[in-house]
Amino acid sequence: MKKAIITLFSALALTACQNNQPTNIQNDMDNTTINSEPLTARQKGLAACACVMAQGDLPKLENEVRKALDNGVTTNELKEAFSQLYAYTGFPRSLNALGVLNKVISQNPDPKWQEGKPWTRPALWDDARKVYEQGKAVQTKVSGREFNYDFCPQDDYYLKSHLFGDIFAGDILNAADREIVTVAALSGLQDVDPQLAAHKRGAVNMGNSQALVDELCAFLDKEGYTLKSHFAKGNPNVNYAQYFIGNSYLNPLQPKNLNDGEKTVLPLANVTFEPGCCNNWHIHHGAHQILICVSGRGWYQEWGKPAVALNPGDVIDIPEGAKHWHGAQKDSWFQHIATHVATGGKESNEWLEAVSDEEYNKL
Numbered sequence: 006m007k008k009a010i011i012t013l014f015s016a017l018a019l020t021a022c023q024n025n026q027p028t029n030i031q032n033d034m035d036n037t038t039i040n041s042e043p044l045t046a047r048q049k050g051l052a053a054c055a056c057v058m059a060q061g062d063l064p065k066l067e068n069e070v071r072k073a074l075d076n077g078v079t080t081n082e083l084k085e086a087f088s089q090l091y092a093y094t095g096f097p098r099s100l101n102a103l104g105v106l107n108k109v110i111s112q113n114p115d116p117k118w119q120e121g122k123p124w125t126r127p128a129l130w131d132d133a134r135k136v137y138e139q140g141k142a143v144q145t146k147v148s149g150r151e152f153n154y155d156f157c158p159q160d161d162y163y164l165k166s167h168l169f170g171d172i173f174a175g176d177i178l179n180a181a182d183r184e185i186v187t188v189a190a191l192s193g194l195q196d197v198d199p200q201l202a203a204h205k206r207g208a209v210n211m212g213n214s215q216a217l218v219d220e221l222c223a224f225l226d227k228e229g230y231t232l233k234s235h236f237a238k239g240n241p242n243v244n245y246a247q248y249f250i251g252n253s254y255l256n257p258l259q260p261k262n263l264n265d266g267e268k269t270v271l272p273l274a275n276v277t278f279e280p281g282c283c284n285n286w287h288i289h290h291g292a293h294q295i296l297i298c299v300s301g302r303g304w305y306q307e308w309g310k311p312a313v314a315l316n317p318g319d320v321i322d323i324p325e326g327a328k329h330w331h332g333a334q335k336d337s338w339f340q341h342i343a344t345h346v347a348t349g350g351k352e353s354n355e356w357l358e359a360v361s362d363e364e365y366n367k368l
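This note's numbering applies: residue 6 is where the sequence shown begins, and numbers increase by one.
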């Protein structure tokens with residue numbers, strides 16, 4: 006055991022002599038200094054690209070890559086981030102993102118964009134056992150405890166040797182930034198809550214402050230990067246803002262087969278709620294309102310009845326004359342398509358009091 010430890014630190018010392026800066030793995034093995042600074046424009050750029058890359062939205066990713074390069078992220082940092090993320094999102098997403106990056110820097114590049122530090126092959130790759138031992142140590146640091154996945158030994162080996170060994174051995178991104186990138190990517194995926202929670206803790210273990218990680222997640226939510234939807238968010242819902250707590254957005258939907266000026270049988274609009282946003286209690290007179298939930302998580306409640314949790318695919322038929330409200334859950338964006346079916350008589354909306362904090366916070 007003593008010999009293994011000596012060998013491990015000898016390898017670290019040797020690698021330090023071969024590079025101008027300590028490698029990420031060395032930093033991970035040392036006592037981590039917590040970064041108490043707020044999220045930088047560069048880190049926001051990396052995070053936005055990682056989140057959109059994970060969702061596979063290539064047109065949006067092209068815009069985010071340009072913004073990131075404008076804000077100081079280097080070409081090689083984006084290459085490293087997209088390369089690392091194949092371990093979380095798969096090779097297709099990784100290769101597609103690298104293709105977008107190549108397109109952006111090849112077509113109308115901005116002279117202010119920086120290539121950054123060149124990639125070099127980590128010397129650690131020459132010794133598979135050292136890679137495994139280093140990866141095991143880094144995984145322990147990220148997890149906060151030793152982790153062994155005995156149920157599937159091959160996955161355990163891939164995690165230790167390849168992800169936390171081979172990939173973390175690169176020195177383009179430090180370990181703290183790698184975890185920022187990972188948290189952002191997982192935030193863009195569905196049904197990975199356990200992994201996202203683990204890497205939020207890992208981001209702190211690798212040198213980011215808890216405040217920075219919280220700021221990162223709030224940034225991704227507020228800017229709509231975590232909104233996983235095929236429907237555009239639309240414009241701020243300014244005409245009805247007085248009837249909403251928080252920000253909402255409205256995107257009227259026009260059937261593709263109709264020409265400008267032609268009216269559809271049923272008016273359709275996609276409504277987007279930011280996390281924690283909801284509308285006031287209100288009543289629709291002369292019509293049923295139909296809500297078709299398409300993205301995120303929300304709430305619907307009729308007066309005197311318990312609130313109903315809403316998920317993509319859920320449909321709500323709101324009776325004419327029923328007092329109700331609907332909106333997003335605290336920690337999720339929410340989208341629904343809304344339409345009305347006339348029941349006879351004059352159609353109108355009666356807006357009432359706001360949903361109280363006490364009512365909403367109970368949910």
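Glycine included, each C-beta is placed from N, C-alpha and C at the ideal position.
From Ser353 to Asn285, what does the alpha carbon distance come to, in whole angstroms?
If I take the Cα positions, the gap works out to 15 angstroms.
Limits of the beta strand (DSSP E) - the one that Asn220 falls within
What sits at residue 220 in the sequence shown is Glu, not Asn. Where Glu220 is concerned, there is no enclosing beta strand (DSSP E), although the alpha helix (DSSP H) it sits in stretches over Gln215 to Lys227.
Could you tell me the distance, in whole angstroms, from the CA atom of Ala312 to the CA atom of Leu164?
Looking at the backbone, the Cα of Ala312 and that of Leu164 are separated by about 42 angstroms.
With 16 other CB atoms within 10 Å as the buried threshold, where does Lys268 fall?
Exposed: under 16 other Cβ atoms inside 10 Å.
Buried or exposed: where does Gln26 fall if 16 or more other Cβ atoms within 10 Å of its Cβ makes it buried?
Because Gln26 carries a pLDDT of 42, less than 50, the predicted location of this residue cannot be relied on, and the following value inherits that uncertainty. Taking every protein chain shown into account, the CB of Gln26 has fewer than 16 other CB atoms within 10 angstroms, so this residue is exposed.
Within the region 47-109, note down every full alpha helix (DSSP H) run reaching 4 residues or more, in order along the chain.
List check, alpha helix (DSSP H) in window: 63-75, 80-89 and 91-94.
Could you say if the region 48-56 and the region 77-95 meet the contact criterion of at least three C-beta pairs nearer than 8 angstroms?
Yes: the two stretches touch, three or more of their Cβ pairs being nearer than 8 angstroms.
Compare the C-alpha of Ala174 against each of Gln119, Asp131 and Gly301 and name the closest.
Measuring from the Cα of Ala174, the nearest candidate turns out to be Asp131.
Between Asn179, Tyr137 and Lys205, which lies nearest to Ala190 when the distance is taken from Cα to Cα?
The shortest C-alpha separation from Ala190 is found at Lys205.
Kindly indicate which residue of Ala142, Ala274 and Gly349 has the alpha-carbon position closest to the one of Leu168.
Comparing Cα-Cα distances from Leu168 to each of Ala142, Ala274 and Gly349, the minimum goes to Ala142.
Tell me, please, which residues DSSP counts as bridged to Pro241.
The bridge partners DSSP lists for Pro241 are Tyr254.
Write down the C-beta distance between Ser192 and Leu225 rounded to the nearest angstrom, noting that I regard them as a contact closer than 8 angstroms.
Contact between Ser192 and Leu225 holds: their C-beta atoms lie close to 5 angstroms from each other, under 8 angstroms.
When you compare each of His290, Gly309 and Gly281 to Gln340 by their alpha carbons, which one comes out closest?
Just measuring C-alpha positions, the residue of His290, Gly309 and Gly281 sitting nearest Gln340 is Gly281.
In this structure, does DSSP put Asp322 in helix, strand or coil?
Of the three classes helix, strand and coil, the one that applies to Asp322 here is strand, per DSSP.
Output the residue ranges of the alpha helix (DSSP H) runs that lie fully inside the region 107-166 and measure 4 residues or longer, sorted by chain position.
Here the runs fully enclosed are 133-148 and 158-162.
Would Lys117 and Asp75 qualify as a contact pair, given that the criterion is a beta-carbon distance under 9 angstroms?
Yes, Cβ-Cβ distance for Lys117 and Asp75 is below 9 angstroms.
Which residue comes first and which comes last in the alpha helix (DSSP H) that contains Leu201?
Secondary structure note for Leu201: its alpha helix (DSSP H) is the uninterrupted segment Asp198 to Asn210.
Using a Cβ cut-off of 9 angstroms (strictly closer), state whether Leu225 contacts chain B.
No chain B is part of this structure, which consists of one protein chain only.
Spell out a yes or no on whether the region 195-211 and the region 145-152 are touching, meaning 3 or more CB-CB pairs, one atom from each, closer than 8 angstroms.
By the Cβ rule, the region 195-211 counts as touching the region 145-152, because three or more pairs are nearer than 8 angstroms.
Just to confirm before moving on: does the CB-CB distance between His289 and Gly239 stay below 9 angstroms?
Contact check for His289 against Gly239 fails: the beta carbons are separated by 9 angstroms or more.
Skipping 5 residues on each side, what residues in its chain have a beta carbon closer than 6 angstroms to that of Lys351?
Closer than 6 angstroms at the Cβ level, and outside the excluded window around Lys351, lie Gly291.
Beta-carbon within less than 8 angstroms of Ala359's beta-carbon, same chain only, minus the 5 sequence neighbours each way: which residues are those?
Residues of the same chain with a CB within less than 8 angstroms of the CB of Ala359, apart from the 5 flanking positions on each side, are Ile250, Asn285 and Trp286 in chain order.
I need the boundaries of the beta strand (DSSP E) containing Tyr305, first residue and last residue.
Segment Gly303 to Glu307, the beta strand (DSSP E) holding Tyr305.
What residue range is occupied by the uninterrupted beta strand (DSSP E) comprising Thr277?
Counting along the chain, the beta strand (DSSP E) containing Thr277 begins and ends at Leu273 to Phe278.
Ser192 by DSSP, collapsed to three states: which one?
For Ser192, the three-state secondary structure derived from DSSP is helix.
Neighbour-count burial assignment, Cys222, 16 or more Cβ in a 10 Å radius
It counts as buried.
Which residue wins for smallest C-alpha separation from Tyr254, given the options Leu273, Glu279 and Asn262?
With distances taken between Cα atoms, Tyr254 lies closest to Glu279.
In angstroms with no decimal places, state the Cα-to-Cα distance between Ala203 and Leu258.
Rounded to the nearest angstrom, the two C-alpha atoms are 39 angstroms apart.
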